[in-house]
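Here is the structure we will look at, set down as structure tokens.
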Amino acid sequence: MKRRKLRYVSREEAIRAAIKAKLEGKPVNDIVNMLKKMGHPISRSTLFRIFKRHGLVKKYKPRRLDVPDEVQELVVSLRKKGLTYREILDEILRSKGYRLTMAKLRTILERHNLVKHRTRYSETVIREIIKLRRQGYTYREIVDYIRLNYNIRVSWSKLYSLFKKHGLLKWRKKK
85 MKRRKLRYVS REEAIRAAIK AKLEGKPVND IVNMLKKMGH PISRSTLFRI
135 FKRHGLVKKY KPRRLDVPDE VQELVVSLRK KGLTYREILD EILRSKGYRL
185 TMAKLRTILE RHNLVKHRTR YSETVIREII KLRRQGYTYR EIVDYIRLNY
235 NIRVSWSKLY SLFKKHGLLK WRKKK
């Protein structure tokens with residue numbers, strides 16, 4: 085025999101109780117368990133959506149970096165000299181004796197706007213792709229052409245997003 089779920093309270097009452105508990109400062113796990121006992125279980129993710137709607141979710145605070153200032157300055161200056169991440173890590177370990185993680189290194193560089201978010205394809209390649217699409221070539225033909233001439237593998241999803249941006253999705257070969 086299948087057990088019927090007990091609903092002692094309505095959804096609105098459950099949400100009201102959850103918001104009240106959140107305002108009292110209870111942890112989300114406790115609120116989930118409380119709602120389960122009340123007979124109207126609501127998942128963590130749904131609760132977070134509800135709390136966000138009511139402005140009860142704390143804004144993200146950037147993590148504090150426990151890296152000494154002189155190490156940070158050294159990282160920035162080394163990066164400006166053109167050293168790779170790996171070389172910077174080794175240099176810091178050698179000169180300062182400080183073991184820096186890759187994640188912290190990236191965070192330091194991001195804060196100084198030194199992280200290059202590279203696009204995989206150059207302007208010429210993108211121009212070439214768009215030109216081919218306008219001439220009516222299929223995805224497969226474009227991918228093969230770019231691989232032959234530029235030795236670059238272009239993914240279909242990248243092509244799709246490019247064409248969407250340039251309004252070339254519904255392009256048909258001209259008769």
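Counted from 1, the sequence shown has number 199 at position 115 by this note's numbering; the numbering is strictly sequential.
Cβ atoms here follow ideal geometry from the backbone N, Cα and C, with glycine treated the same way.
Once DSSP output is grouped into helix, strand and coil, what is the label at residue 270?
Since the displayed the chain opens at 85 and closes at 259, residue 270 lies outside it and no answer follows.
Three or more C-beta pairs closer than 8 Å, one from the segment 178 to 193 and one from the segment 146 to 163: is that the case here?
Result yes; three or more Cβ-Cβ pairs closer than 8 Å.
Are residue 176 and residue 199 closer than 8 Å when you measure CB to CB?
No.
Figure out for me which residue from 224, 250, 107, 242 has the closest Cα to the Cα of residue 205.
Among 224, 250, 107, 242, the Cα nearest to that of residue 205 belongs to 242.
Can you look up residue 140 in the DSSP assignment and give me helix, strand or coil?
It is coil, neither helix nor strand.
Mind checking which residues open and close the alpha helix (DSSP H) that includes residue 229?
Per DSSP, residue 229 belongs to the alpha helix (DSSP H) from 223 to 234.
Looking at residue 210 and residue 226, is the spacing between their C-beta atoms short of 8 Å?
Against a cut-off of 8 Å, the Cβ pair of residue 210 and residue 226 comes out as no contact.
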